[in-house]
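Data block below; observations after.
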Amino acid sequence: MPVAAPITQDVLTIPRKPPEGPVNLVGLTREGLRAALIAHGTPEKQARMRASQIWQWLYWWGVRDFETMTNLSKAYRAELAENFVIAIPELVDRQISADGTRKYLVRIRGGHEVEVVYIPEEDRGTLCISSQVGCTLTCSFCHTGTQKLVRNLSAAEIIGQIMMARDDLDEWPRRGEGAGERPRRLSNVVLMGMGEPLYNFDNVRDAMRIAMDGEGISLSRRRITLSTSGVVPEIARTAREIGCMLAVSFHATTDEVRDRLVPINRKWNLAALLDALREYPRLSNSERITFEYVMLKDVNDSDADARRLVQLIRGIPAKINLIPFNEWPGAPFERSDWERIERFADIVHKAGYASPIRTPRGEDIMAACGQLKSASERARNARRQDGAAPAP
Ligand code: SAH
Ligand code: SF4
């Protein structure tokens, strides 16, 4: 298990406070990296070149110490080591499910813990990352929603989740190896972990731009999917400033039911949400939007719901992802019966939309959608009960 350097300081996300310790280079935009180098004595004329060299070490090669940056002079490397650190969240626990799903527990500044899930498939692998600790929203079927917002993750902590997983999957290129020589194990990223990404817009944007940068991790924008509960004013900005694929937690076909399931609907209702979604493919030049629809028994799973759904989204290029509800202790809902889910999928499919049913992955390690909070809390409680020291 790789051990990351301890988290120190993250300048960009706390701009009002001058950095007390060394500055973390991870998570800075290209421009931010250049500015940080200049602020610490790199001559302006050289800064762009140095920033580009360091960028490649960080994000192409996955290097974590300045000594390895052999195209920089020894003296300059020593200067960097004095002023900067390269820090990503610390991996504290890894569980591997019978189906190959990996759940990582990572610790971030302040001792908070966040879960990251890797889901391998035959020809690709998807990493589900978090954007906040907890969530300010309170969707009634989501366990994360019962946990108060602790704080936004910094750009370093968001891109750091991807870097941590690439460490674990041995995904960084080896010296002498050409691009694309080995198939990618981590080929897709979904922002579907804890938190509402559009309530942490700037950090999510900066982190995703790092992930997409061609001189680094080089994930295509079509392989990144951001899921939102429907923060309408930020949807057009997502198209313009990130340009990734969009998923929306739709979950209901009337305002009455959606108000109850996804309370942000009281602020931006179905009509407002659908207007924003209609614009998204054009603004972002992407093909289609994923509508996530959690299947809750006798709440939103009737034939009439399925028909209303296809009526509502008419004209929007879309895929409907049906998610069987994942139960958690004390949840006020039940999962729809399998026949019901299939019948719902069939109606949507016959109306011309792809309607895959999301197979729950990693259930044995509580890694499925909406189960994330319980898993870490359970681990914490177990540690407490054992009287054992916290995980190393
Ligand atoms: N906050 C964002 C992204 C995180 S949630 C959002 O709401 O879109 C990722 C997906 O999992 C969302 O579609 C969410 O509605 C769904 N989800 C949450 N709890 C769930 C549960 N218990 N069972 C199944 N899906 C759930
Ligand atoms: Fe927050 Fe998304 Fe859960 Fe709603 S579904 S509470 S927005 S994480």
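Reminder that position 127 of the sequence shown reads as 168 in our numbering, one-by-one numbering, no gaps. Ideal Cβ positions, reconstructed from N, Cα and C, are used throughout, including at glycine.
Residue of Q202, V64 and C183 minimising C-alpha distance to E131: Q202
Closer than 5 Å is what we want: which residues have a beta carbon that near any heavy atom of the ligand SF4? List them in chain order. C176, L178, C180, C183, T185, G186, E237 and S270
Taking only runs that begin and end inside the segment 193 to 221, name each unbroken alpha helix (DSSP H) of 4 or more residues, in chain order. Complete alpha helix (DSSP H) runs here, min 4: 196 to 209.
Could you check what DSSP says for M42 in three-state terms: helix, strand or coil? With a pLDDT of 35 at M42, under the threshold of 50, the predicted position of this residue should be treated as unreliable, though the coordinate-derived value follows. M42: coil per DSSP, three-state reduction.
When you compare the CB positions of T185 and T266, do they come within less than 9 Å of one another, or not? no
Look at the alpha carbon of I160 and the alpha carbon of G166, and state the distance between them as a whole number of angstroms. 6 Å
Quick check on T279: buried or exposed, where buried means 16 or more other Cβ atoms within 10 Å of its Cβ? buried
With C-beta atoms as the reference, is C169 less than 9 Å away from M249? no
Helix, strand or coil: how does DSSP classify D296 here? helix
9 Å Cβ cutoff met for I464 and I200: Because the chain is modelled from 42 through 433, residue 464 falls outside the range shown and cannot be assessed.
Just the C-alpha distance for P238 and N244, rounded to the nearest angstrom, thanks. Approximately 9 Å between the Cα atoms of the pair.
Thinking C-beta only, is R281 closer than 9 Å to D344? No. Outside cutoff.
By the 10 Å Cβ neighbour count, where 16 or more other Cβ atoms means buried, how is R323 classified, buried or exposed? Under this definition R323 is an exposed residue.
Cβ-heavy atom distance between E368 and the ligand SAH below 8 Å? yes
Residue of V147, T269 and D300 minimising C-alpha distance to S290: Nearest option by C-alpha distance: T269.
Enumerate in chain order the residues of its own chain whose CB-to-CB distance from H81 is below 6 Å, with the five nearest sequence positions on each side excluded. Cβ within range, chain order: N124.
Cα-Cα separation, G271 to R381: 26 Å
Exposure label - T397; buried when at least 16 CB within 10 Å: At residue 397 the sequence reads Pro, which differs from the Thr that was named. Burial call: exposed.
Give the single residue among N65, H390, R71 and G62 whose Cα lies nearest to the Cα of A435. Outside the displayed span of the chain (42 to 433) sits residue 435, for which this structure offers no information.
Measure the CB-CB distance between I276 and L311 and report whether it falls below 9 Å. no
What ranges does the beta strand (DSSP E) occupy inside the segment 223 to 304, keeping only unbroken runs of at least 3 residues that lie completely in it? 229 to 232, 265 to 269 and 286 to 290
Residues near T295 by beta carbon distance below 8 Å, same chain, minus five either side: L311 and R349
Among I361, R263, V104 and R215, which has the Cα closest to the Cα of D387? I361
Whole angstroms is fine: what's the gap from S228's alpha carbon to R207's? 10 Å
What number of angstroms, rounded off, separates the C-alpha of A423 from the C-alpha of S138? Bear in mind that the predicted position of A423 carries a pLDDT of just 45, short of 50, making it unreliable; the figure below should be weighed with that in mind. About 19 Å.
DSSP state of P401 mapped onto helix, strand, coil: coil
In whole angstroms, give me the CA-to-CA distance for K115 and E108. 8 Å
Using the three-state DSSP reduction, which class does I364 fall into: helix, strand or coil? In the displayed model, I364 falls within a strand according to three-state DSSP.
With DSSP as the reference, identify every bridge partner of G166, one or two as the case may be. P161
Could you tell me whether any non-hydrogen atom of the ligand SAH is closer than 8 Å to the CB of V174? no
Excluding five sequence neighbours on each side, which residues of the same chain lie with their C-beta closer than 8 Å to the C-beta of A395? K360 and I361
Can the beta-carbon of V273 be found closer than 9 Å to that of L302? no
DSSP has N124 in a bridge; who is on the other side? DSSP output for N124 lists no bridge partner at all.
7 Å Cβ shell around T74 - same chain, five flanking residues per side excluded: In the sequence on display, residue 74 carries Leu and not Thr. Closer than 7 Å at Cβ, skipping near neighbours: L66, A92, I95 and W96.
Top-ranked residue by Cα proximity to G356, from A76, E375, R246 and Y321: Y321
Name the DSSP beta bridge partners of F443, please? Given that the chain is displayed from residue 42 to residue 433, the structure contains no residue 443 and the question cannot be resolved.
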